Amino acid sequence: MTQTVDYYMNNHLIHKNRRLSTSTSEWVRSFSCEDLKPLIVCRGPIRKEAMDVYGEMGITHFGILLSEKDSIVYPNALAPELRQLTDSRRVHRVPDYTGASKEERVERIHQIIRIATDNGYDSIFAGYGFMAEDDEFVAAIENAGLKFIGPCSATQAGAGKKDEAKRTALTVNVSVTPGIDNVTARTLLKKHPTREKLLAVAKSDGLACDAKIINDPGISLEDLADHILYASYAKGVDLFSIEELCAQVQAEVAAMFKKYPQSRVRLKAIGGGGGKGQRILGASLLTVKNADDKAIAKAAAEAPTLVREILNEVKANGVGDNKNVLVELNIEQTRHNEIQLLGNGEWCIALGGRDCSLQMHEQKLLEVSVTQEGLAAAIAKAKAAGKKSEVKALESDLTVLKRMEEESERFGKAVGLDSASTFECIVDRDRHFFMEVNTRIQVEHRVTELCYSLKFTNPKDKKDFFVVESLVEAMALLAQHKERLPKPERIVRFNASVEARLNATDASLSPHAGGMIRYWSKPIEGEIRDDQGISMLNPDTGLFVKYKVAGAYDSNIALLLTNGEDRLDSYERMSAVIRSTTLRGSDLATNLEFHYGLVNWFLGNNVNAKPTTRFVVPYLTLVGTLKEEANKMDPVYAFLQMKKHYAKRIAEQFPDDPQVAKNMSALLDRKGTLITRPMERLLGDPHLLSGWLSMNTKNFRIDDGKVVWLRNPLGVLNETYEYLHMSFRPHKPAAEIIWGHDNELLQQSLRFSRTLREKFGLARDEYFKLNEFLQNDEPQGGFDAETWEQIRSAHFGYEAGLELLGMLFMIGDNTRFWDLRVEEDLEITIPEYLTDPDLQARMKKILVPPPVTKADEIVAACGGMYYAQEAPGMPHFVEEGMHFEKGQPLYIIEVMKMFNKVYAPFSGTVDKILIQGGDGIIIQKGQPLFKVTPDEKFVEVDPNEIEREKRALTTKYLKAVL
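For the sequence shown, the working numbering begins at 6 and goes up steadily by one.
This is the structure we're talking about:
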């Protein structure tokens with residue numbers, strides 16, 4: 006049936022009339038924001054969302070700021086919102102948003118303010134980019150007489166900087182992660198270890214220090230050093246070198262390793278965010294019970310390199326920049342939870358939590374709502390099912406959530422929070438630790454919006470109120486009316502919601518820039534698609550406009566969200582959303598299949614499971630083992646061998662009637678594509694196979710190496726077509742759906758099977774009982790002998806060949822797929838072998854094989870910006886004539902705002918460097934970078950040998966199912 010409702014442009018979950026000026030209440034009308042004139046200075050999904058919300062609020066004078074990296078060439082629009090905002094006077098441009106250096110950043114701040122004042126804007130909205138948490142940027146906006154739609158500069162300074170936030174948290178009795186928040190002060194003290202020497206530095210550099218502080222004999226040396234450092238930032242001078250900072254961090258890291266054995270240490274830039282500016286070190290010590298000084302020194306020696314990477318990533322390596330780095334204990338078995346906050350400077354309200362533990366390289370992937378109402382409902386459901394361990398685990402989560410919400414509100418009041426922010430914690434079973442505050446709206450804010458709305462009530466009349474369902478709207482209201490807004494009441498919308506980040510990454514979740522989106526199916530009912538406007542059709546032709554996935558920005562393409570009555574419902578809807586999504590393009594790679602496999606893994610196990618931040622990499626490694634095994638399978642060969650098996654079996658049963666064998670062969674031929682097409686799809690994509698195996702966990706068992714079906718394989722086959730979104734739909738191309746003749750045969754088979762099952766009064770999962778009935782030569786169920794024989798023959802014919810599906814279960818069994826499991830207390834057991842770094846690296850290459858190359862070349866693993874050295878002025882990683890070892894860094898590739906070191910896949914000697922220059926050169930995937938002489942000769946694999954191996958394994962699996 007053709008979809009008539011446009012769920013992209015008219016989605017009741019996110020679109021509504023927000024014009025308070027049309028209310029019959031004078032009090033409500035007084036909060037209208039129609040005279041607000043905001044300039045939107047961010048990109049990504051939040052830019053279009055702000056445009057939509059402002060338009061719905063009746064705000065007519067808003068504008069957007071484009072970076073010159075945003076192509077405004079219509080066919081390849083990187084700013085597809087231009088199809089919506091057609092008034093060119095409200096579209097402004099800057100070279101980029103933040104600048105490449107401190108000087109450029111200051112210049113950009115003034116440029117943005119000038120654009121705002123010259124064009125009649127009275128406020129600035131920065132979304133969730135770096136600028137949204139830049140206290141200098143916000144202070145400059147305030148000093149220019151403009152409003153900042155977000156936390157004020159004082160809140161940004163007190164809560165946005167990770168070191169200051171941690172100190173504030175300690176003063177209001179908020180539990181924090183063990184670690185050091187003032188390594189820059191300690192670096193300065195290492196160089197100038199006395200009060201006299203510190204004051205001498207301040208005087209010699211002419212720093213404007215507070216007389217009260219420097220003349221206070223009771224102030225600690227570390228606090229004095231901190232004060233002097235802040236004065237140096239204001240003047241734009243450095244008081245120590247990056248090398249001295251690196252040495253101090255290395256010493257602090259070594260001390261942390263000694264204090265907390267078998268632990269890793271996390272380094273975090275105070276101004277990082279979105280996974281940028283963070284590194285973890287010490288993996289080699291995790292399994293060492295009593296590490297000696299040599300092992301600790303070796304692990305800590307990574308620190309200087311990582312500090313430079315961090316400072317480069319957050320652009321804090323300029324003269325006079327605040328280079329403070331947090332040195333924290335990495336809590337290993339943790340979940341990442343965050344509390345949504347909203348305040349007006351006087352009141353602060355918590356709006357539930359979000360679990361963001363499903364992440365990789367500090368990049369969030371799947372974000373799930375955590376609310377008191379949702380947990381209470383889950384506890385009641387678990388109690389009714391008699392799941393005592395699950396009840397206890399959920400009750401613990403509820404207790405922790407209440408504590409986090411209470412602490413977050415205390416913190417918000419302490420810093421005078423006057424807009425939206427997020428209080429981030431790490432949760433370790435029944436404990437939690439404050440991590441940081443993001444003084445901005447978060448990417449995943451809609452997860453909260455789907456769970457709660459805000460009811461603002463007239464203090465003088467309880468019947469006089471208005472309801473806000475958008476945090477972007479709430480931020481605009483706060484910017485315009487701040488102190489006048491009464492503290493709202495949170496109202497439950499839905500008990501659960503979930504967001505999947507659709508990113509431009511390959512099957513191993515590595516960034517993949519440069520692809521072109523040429524088609525995107527329409528959103529379905531219940532789906533929220535925040536995609537920057539990519540799905541907006543050409544207003545003149547009504548056709549999809551192709552979109553270039555550039556490498557200049559982060560990897561996010563869109564946010565896919567849905568809601569539910571509970572977490573199970575929301576996951577099932579998310580599965581339907583992903584299943585219904587079709588993305589096509591050239592050189593396009595996304596994590597859509599990863600999300601589909603992951604969501605279905607949880608649906609097949611337990612959606613209330615408690616994954617830690619370490620879950621995704623072992624899970625991805627497991628998916629890699631599926632692919633490695635699936636690559637050795639040949640379903641077509643299996644089908645032909647199965648035909649031979651049946652031919653032999655029939656010939657033995659009917660030696661005098663060769664026609665029976667011919668009929669059986671013809672019957673199996675009719676089923677060839679019905680069975681092998683979905684199998685080939687599953688074998689070709691391990692993420693799809695992972696989800697399918699998870700959903701079918703209870704449909705089989707293996708006895709003595711043989712697959713035993715617990716459900717009718719016909720039903721499983723039918724659900725497999727649905728799972729793969731290959732069900733029969735007349736308007737779809739044949740390549741994407743079950744073929745007509747296959748569908749007729751499948752539906753006929755299902756009708757027969759259903760009728761027979763109902764005749765015997767059997768449940769869907771009592772297939773083995775049905776088989777026991779059909780084994781009887783004596784008629785069952787009141788049938789006469791002739792009819793009974795026909796039923797048995799028909800059942801045999803309909804089921805014949807479906808055994809092949811069982812080979813997929815054997816892949817799962819052989820790869821120990823079900824060893825990664827959810828326990829009764831909702832903890833996830835991760836088999837130790839899946840944490841092996843060597844296996845993880847090997848499986849990454851299985852998931853995405855490296856580009857084809859010659860034996861004497863090393864080529865680019867992906868496209869992006871090439872750097873030959875760690876930082877400007879540092880030596881190159883390799884030079885011509887140099888010998889390199891396997892695992893040695895060869896170059897850095899910056900792709901989608903992340904810096905990635907690329908390591909040598911083997912040992913050898915660099916004969917020639919094929920890249921001219923060393924900084925900021927754009928390279929393409931597969932481009933030759935080095936001519937080398939490997940230490941060992943590469944042996945070419947014989948394709949015939951590979952084919953023999955595939956057939957041998959396929960034959961082995963066949964024996965388990967036939």
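The beta-carbon is built from N, C-alpha and C at its ideal position, and this holds for glycine as well. In this text, all values refer to a predicted model and were calculated from it rather than measured experimentally.
Check: Exposed or buried, which one is serine 580 when buried takes at least 16 other CB atoms within 10 Å?; Outcome: buried
Check: Leaving out five residues on either side along the sequence, give the residues of the same chain with a beta carbon under 6 angstroms from the beta carbon of alanine 965.; Outcome: Gly710, Lys711, Val712, Met815
Check: Who are the Cβ neighbours of leucine 514 in its own chain at under 7 angstroms, not counting the five residues just before and after it?; Outcome: Met365, Asn596, Phe599, Leu625
Check: Following a CB-centred definition, is proline 877 positioned closer than 8 angstroms to any heavy atom of the ligand NAP?; Outcome: Of ligands this structure carries none, so the ligand NAP is not represented either.
Check: Could you pull the start and end residues of the alpha helix (DSSP H) that aspartate 466 belongs to?; Outcome: Element bounds for aspartate 466: not the alpha helix (DSSP H) but the beta strand (DSSP E), 466-473.
Check: So, is aspartate 168 buried or exposed, given that buried needs 16 or more other C-beta atoms within 10 angstroms?; Outcome: buried
Check: Using a Cβ-Cβ cutoff of less than 6 angstroms, which residues in the same chain neighbour tyrosine 968 once the five nearest sequence positions on both sides are dropped?; Outcome: This structure cannot speak to residue 968, because the chain is shown only from 6 to 967.
Check: Would the beta-carbon of histidine 730 fall within 9 angstroms of that of serine 575?; Outcome: no
Check: What is the DSSP secondary structure of threonine 840, counted as helix, strand or coil?; Outcome: helix
Check: Who are the near neighbours of glutamate 954 in its chain, counting only those whose CB is closer than 8 angstroms to its CB and skipping five residues on each side?; Outcome: Lys637
Check: Check for me: the alpha helix (DSSP H) holding serine 413 runs from which residue to which?; Outcome: 393-419
Check: For a test of the three-state rule: what should DSSP assign to isoleucine 224, helix, strand or coil?; Outcome: coil
Check: Are the CB atoms of leucine 565 and glutamate 474 nearer to each other than 9 angstroms?; Outcome: no
Check: Would you call valine 319 buried or exposed, if buried means 16 or more other Cβ atoms sit within 10 Å of its Cβ?; Outcome: buried
Check: Check each candidate in Gly817, Pro718, Lys653 and name the one with the smallest Cα separation from leucine 1.; Outcome: With the chain represented from 6 up to 967, any question about residue 1 goes unanswered, as that position is not in the structure.
Check: Starting from histidine 97, trace the beta strand (DSSP E) both ways and give me its first and last residue.; Outcome: 96-99
Check: Quick one: Cα of lysine 487 to Cα of arginine 769, how far?; Outcome: 59 angstroms
Check: Let me check understanding here. Comparing Cα to Cα, which of Pro939, His881, Phe889, His888 lies closest to glycine 922?; Outcome: His881
Check: Could you have a look at serine 575 and say whether DSSP puts it in helix, strand or coil?; Outcome: helix
Check: Under 8 angstroms: do the stretch 881-896 and the stretch 913-920 share three or more Cβ pairs, one atom per stretch?; Outcome: yes
Check: Are the beta-carbon atoms belonging to methionine 261 and leucine 334 less than 9 angstroms from one another?; Outcome: yes
Check: Buried or exposed for tyrosine 838, please, with buried defined as at least 16 other CB atoms from any protein chain shown within 10 angstroms of its CB.; Outcome: exposed
Check: How is the alpha helix (DSSP H) around tyrosine 803 delimited, first residue to last?; Outcome: 790-804
Check: Go through the stretch 244-286 residue by residue and report every complete run of the alpha helix (DSSP H) that reaches 4 residues or more, in order.; Outcome: 247-264
Check: Applying the criterion that 16 or more other CB atoms from any shown protein chain within 10 Å of the CB defines a buried residue, is valine 258 buried or exposed?; Outcome: buried
Check: Are the Cβ atoms of serine 413 and cysteine 353 separated by less than 9 angstroms?; Outcome: yes
Check: Would you list the residues sitting across from tryptophan 525 in a DSSP beta bridge?; Outcome: Leu588
Check: Answer yes or no: do leucine 775 and asparagine 704 have a C-beta to C-beta separation smaller than 9 angstroms?; Outcome: no
Check: Do you know offhand how far glutamine 664's Cα is from leucine 698's?; Outcome: 38 angstroms
Check: Are the beta-carbon atoms of serine 37 and alanine 484 separated by less than 9 angstroms?; Outcome: no
Check: Give a yes or no on whether the minimum CB-CB distance between isoleucine 851 and chain C is below 9 angstroms.; Outcome: Chain labels in this structure do not include chain C; a single protein chain is all it has.
Check: Taking the straight line between their C-alpha atoms, what separation do you get for histidine 736 and isoleucine 69?; Outcome: 40 angstroms
Check: Just how far apart, CA to CA, sit isoleucine 680 and tryptophan 744?; Outcome: 11 angstroms
Check: For leucine 2 and valine 448, what's the separation of their Cα atoms in angstroms?; Outcome: The question about residue 2 has no answer, for the chain in this structure spans 6 to 967.
Check: Can you tell me whether DSSP reads threonine 182 as helix, strand or coil?; Outcome: coil
Check: Name the DSSP bridge partner or partners of aspartate 360?; Outcome: Asn342, Val373
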